[in-house]
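S.K.: For the sequence shown, position 116 matches number 116 in full-length UniProt numbering, and the numbering has no gaps at all.
After the structure tokens below, expect a handful of questions from me.
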Amino acid sequence: MRGWFQRFMSGRYGYDRFNRFLSIASLVLFVAGLLFSPLLYWLGILTLGYCYFRMLSRNIQKRYQENAKYMALENKASGWFSTRRIRFKQRGQYRYFRCPHCRQELRVPRGKGRISITCPKCGTQFVKKS
Ligand SMILES: [Zn+2]
């Protein structure tokens, strides 16, 4: 049985982070589908189908590229969340503004009244209440 499975899987792509995400997502969709709408349930089946398709695929390079794209997205999302977490922890000490000219984000100490802020990136000055 084990040998048969190994032979079956040889040359196929197998499991990666993107497939892990897909299998978790399909589980969430199944549960959401049972609670809310059968449409979500079918979306879950499609997601699981796609997960199996990727696992059994012989086009390893294509699947590898998909995973790389997914990993880049995942890193971006986790970076966004960790920035938000740090800001929430520091909300008593700092305020955040965006430069009106170049959209650069700036951090200033809180509670200093109206202050003139100079953007370190483009040199634009603007006045904000800290
Ligand atoms: Zn700027």
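The C-beta atom is built at its ideal place from N, Cα and C for all residues, glycine as well.
1. Of the choices PRO100, ILE86, GLY113, MET9, whose alpha-carbon is the least far from that of GLY123?
2. Distance, Cα to Cα, ARG114 vs ARG95?
3. How far does the alpha helix (DSSP H) with SER26 in it reach, from first residue to last?
4. SER57 and ARG12: beta carbons closer than 8 angstroms?
5. Look at the Cβ atom of PHE97, then the Cβ atom of LYS128, and state whether they are nearer than 8 angstroms.
6. Less than 8 angstroms between C-beta atoms, sequence neighbours within five positions excluded: which residues of the same chain meet that for CYS102?
7. LEU29 and TYR41: beta carbons closer than 8 angstroms?
8. So what's residue 135 in DSSP terms, helix, strand or just coil?
9. If we ignore side chains and look at the alpha-carbon of each, how far apart do TRP4 and TYR52 end up?
10. Where DSSP assigns a beta bridge to SER116, which residues make up the other side?
11. Run the proximity test for LYS121: is its beta-carbon closer than 7 angstroms to any non-hydrogen atom belonging to ligand 1?
12. What residue does the beta strand (DSSP E) around PRO109 start on, and which one ends it?
13. Using 8 angstroms for Cβ pairs, my map puts PRO109 next to SER78. What's the rounded Cβ distance?
M.R.: Taking the geometry as given:
1. PRO100
2. 12 angstroms
3. 17–35
4. Between SER57 and ARG12, the gap from beta carbon to beta carbon is short of 8 angstroms.
5. Going by C-beta atoms, PHE97 is nearer than 8 angstroms to LYS128.
6. CYS119, LYS121, CYS122, THR124
7. yes
8. The displayed coordinates of the chain run from 1 to 130. Any statement about residue 135 would go beyond what the structure contains.
9. Cα atoms of TRP4 and TYR52: separation of roughly 18 angstroms, rounded to the nearest angstrom.
10. VAL127
11. yes
12. 105–109
13. With 8 angstroms as the limit, PRO109 and SER78 do not qualify as a contact, their Cβ atoms being about 28 angstroms apart.
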